[in-house]
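Everything in the sequence shown is counted per our numbering, starting at 54 for the first residue and increasing by one. For each residue, glycine too, the CB sits at the ideal point set by N, CA and C. Worksheet: the structure to be examined is printed underneath.
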Amino acid sequence: MLEVLALAPADGWAYVRRDGVLLLVRPPYHNDTSLPVDESAVEAAVTKHGFVAADGEFADWPELIAHLRVLVAEAHPDLPSAEEIGQAYWEVADEEDLGHALDHVEQELLPGREYDHAIRLLAAMVEHSPVLAESGMIRRAARLLTQASQEHRAGRADLMAPAGTMVPRAVKHYTLDKLTVWQHDYGQMESASAALSRPNV
Numbered sequence: 054m055l056e057v058l059a060l061a062p063a064d065g066w067a068y069v070r071r072d073g074v075l076l077l078v079r080p081p082y083h084n085d086t087s088l089p090v091d092e093s094a095v096e097a098a099v100t101k102h103g104f105v106a107a108d109g110e111f112a113d114w115p116e117l118i119a120h121l122r123v124l125v126a127e128a129h130p131d132l133p134s135a136e137e138i139g140q141a142y143w144e145v146a147d148e149e150d151l152g153h154a155l156d157h158v159e160q161e162l163l164p165g166r167e168y169d170h171a172i173r174l175l176a177a178m179v180e181h182s183p184v185l186a187e188s189g190m191i192r193r194a195a196r197l198l199t200q201a202s203q204e205h206r207a208g209r210a211d212l213m214a215p216a217g218t219m220v221p222r223a224v225k226h227y228t229l230d231k232l233t234v235w236q237h238d239y240g241q242m243e244s245a246s247a248a249l250s251r252p253n254v
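This is the structure in C-alpha cells:
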C-alpha cells in the first residue's frame with residue numbers, strides 16, 4: 054500500500070510513504086527519480102513550496118502514477134498528452150534516435166525491471182516510426198519487445214495485452230500474425246525476425 058501525504062498536482066510530484074519509507078515521487082516516474090526524504094520535507098513542501106496536504110492510499114505504483122498523470126492533465130488542459138508528444142517524436146525520429154532508444158531499453162529499462170515502461174516505449178516506436186522498418190531495426194525492436202514481454206510474464210500473471218491491441222496501427226503494416234509472434238518464447242525470436250524482414254511486410 055502506498056500512502057500519499059502531499060501533492061503538487063500541476064507538476065505530478067508527490068510525497069509517498071511505502072513500507073515505512075518516505076519518498077518524493079516525480080516525473081518521469083522511473084526508479085531513479087524517487088528520492089528518499091525525511092518527515093520534515095513534507096511539512097516544508099506544504100508550508101513553503103506550494104504542495105497540498107493529502108491522505109490518499111493506492112494499491113500499487115501503476116495506480117498512483119495514473120492518478121498523478123490525471124492531475125497533471127487536469128491542471129494543463131491545453132497541453133498535448135504524453136501519448137501525443139510521443140507519437141510526434143517517433144514520427145520524426147531518425148536512425149540515431151531509434152538506436153539510442155533501443156539502447157536505453159536494453160541497457161537500462163530491462164536490467165532495471167521496468168518492463169511496463171519498456172513495452173510502452175517499444176510499442177509506440179513500432180506504431181509510429183516510419184524509419185524503424187526502413188532501417189531494419191524492427192528486428193531488434195521485436196526481440197526487445199519479446200524479451201520485455203517474457204520477463205514481464207515471469208513476474209506477473211496479467212501479461213501485456215495482445216499485440217494487435219497494443220499496437221493497432223502497426224497491424225496495418227506488419228499483419229497481426231507477424232505482431233503476435235513477438236509474444237512467443239524468446240527462443241523463437243530468430244524466426245520472427247526473419248518473417249518481419251521479408252519483402253512486402
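For His170, same chain residues with a beta-carbon under 8 Å away, outside a window of 5 residues either side, are His83, Leu162 in chain order. Here Ala194 is near Leu155, since their CB atoms are less than 8 Å apart. Looking from the CA of Glu180, the closest CA among Glu148, Glu187, Gln140 belongs to Gln140.
Runs of the alpha helix (DSSP H) spanning 4 or more residues and lying entirely within the stretch 82-168 occur at 92-101, 114-128, 135-145, 148-157, in chain order. Rounded to the nearest angstrom, the Cβ distance from Gly165 to Leu121 is 20 Å, too far for a contact under 8 Å. Take the alpha-carbon of Arg206 and the one of Lys101: they are about 44 Å apart. Secondary structure at Arg173: helix, using DSSP grouped into helix, strand and coil. Proximity to Met190 across Ala63, Glu148, Gln160, Glu204 peaks at Glu148, based on C-alpha coordinates.
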